[in-house]
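Q: This structure is in structure tokens; I'll ask about it shortly.
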Amino acid sequence: MRLKLIIGTIIIALLFGAGINYKTIIDQKQADEARIAQITSEAQVNQQKVEDMEKDIAILRRELALQRDVYPTSRGGHRVARYIDGAQVTWYNDMGKTASGTTATSGRTVAVDPDVVPLGSEVEIVMPDGRVFRRIAEDTGGAVKGKIFDVHIDASDEELYELGRTHGVRVFVLDR
Numbered sequence: 011m012r013l014k015l016i017i018g019t020i021i022i023a024l025l026f027g028a029g030i031n032y033k034t035i036i037d038q039k040q041a042d043e044a045r046i047a048q049i050t051s052e053a054q055v056n057q058q059k060v061e062d063m064e065k066d067i068a069i070l071r072r073e074l075a076l077q078r079d080v081y082p083t084s085r086g087g088h089r090v091a092r093y094i095d096g097a098q099v100t101w102y103n104d105m106g107k108t109a110s111g112t113t114a115t116s117g118r119t120v121a122v123d124p125d126v127v128p129l130g131s132e133v134e135i136v137m138p139d140g141r142v143f144r145r146i147a148e149d150t151g152g153a154v155k156g157k158i159f160d161v162h163i164d165a166s167d168e169e170l171y172e173l174g175r176t177h178g179v180r181v182f183v184l185d186r
């Protein structure tokens, strides 16, 4: 009888242990299934992001192709290093030394913001009416910031005042 009791106790302990093991296995399986569902959901979100990015890339490639048609990569035998749209042009007539050490010269000198166009760069300025000025970025100025270009010309102060400020200018920075 005592042996039966011991064997019964052992069997109960084994069954109880197996039950705990079974519960642990079930809990782990449920946790794994939840993690798989989470990873699947994240994968679907990431797949959608990839598809959206592929669409954006296709749009950007089309826009770049159009830009190359409208804004060429070369002008007059020079490669266009940079294109600036929506610039403004003003005019000046000072005859002194430029920021690059040259003398300001009509037909050659333009003052630029060196953060936008490096000094020494050749630029082609296309006015809204179609006039084109090819100049060298030799000078800077206190009011020449951002997309403002101050073109040197031989003119009186009154003539400069009449010329005023021109908006909607396109500027091509050329490789030398």
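In my numbering, the protein residues as written are 11 to 186. Yeah, the Cβ is synthetic: ideal placement off N, Cα and C, and Gly gets one too.
Could you check what DSSP says for Ala-97 in three-state terms: helix, strand or coil?
A: DSSP places Ala-97 in strand when its eight states are reduced to three.
Q: Out of Asp-42, Glu-64, Val-122, Gly-96, which has the shortest C-alpha to C-alpha gap to Thr-108?
A: The shortest C-alpha separation from Thr-108 is found at Val-122.
Q: Am I right that Ala-161 and Phe-143 are in contact with their C-beta atoms under 8 Å? What's the rounded C-beta distance?
A: The sequence as given places Val at residue 161; Ala does not occur at that position. Val-161 to Phe-143, Cβ: 6 Å. Contact.
Q: Distance, Cα to Cα, Ile-146 vs Glu-61?
A: Taking the straight line joining both Cα atoms gives about 45 Å.
Q: Helix, strand or coil: how does DSSP classify Leu-184 here?
A: Strand at Leu-184.
Q: Take Ala-114 as the anchor and find which of Gln-48, Arg-12, Gly-130 has the nearest alpha-carbon.
A: Out of Gln-48, Arg-12, Gly-130, Gly-130 has the C-alpha closest to the C-alpha of Ala-114.
Q: What three-state label does DSSP hand Asp-149 in the structure shown?
A: Strand at Asp-149.
Q: From the DSSP output, read off the bridge partner residues of Asp-160.
A: DSSP output for Asp-160 lists Thr-100, Ala-121 as bridge partner(s).
Q: What does the Cβ neighbour count give for Glu-148, buried or exposed, with the cut at 16 atoms within 10 Å?
A: By the neighbour-count rule (16 or more Cβ atoms within 10 Å), Glu-148 is buried.
Q: Using the Cα positions of Ala-97 and His-177, report the straight-line distance between them to the nearest angstrom.
A: About 6 Å.
Q: Going by the beta-carbon positions, is the gap between Lys-155 and Ile-94 smaller than 8 Å?
A: No, the pair does not count as a contact, with Cβ atoms beyond the cut-off.
Q: Which of the three DSSP states, helix, strand or coil, is assigned to Ala-68?
A: Here Ala-68 sits in helix by DSSP.
Q: Would Val-133 and Val-127 qualify as a contact pair, given that the criterion is a beta-carbon distance under 8 Å?
A: For Val-133 and Val-127, yes; Cβs fall inside 8 Å.
Q: Applying the 10 Å Cβ sphere with the 16-neighbour rule, what's the burial state of Ile-135?
A: That one is buried.
Q: So what does DSSP say about Arg-144, is it helix, strand or coil?
A: Reduced to three states, the DSSP call for Arg-144 is strand.
Q: How is Arg-92 classed by DSSP in three states: helix, strand or coil?
A: Three-state DSSP puts Arg-92 in a strand.
Q: Please confirm whether Val-90 and Pro-138 have their CB atoms less than 8 Å apart.
A: Against a cut-off of 8 Å, the Cβ pair of Pro-138 and Val-90 comes out as no contact.
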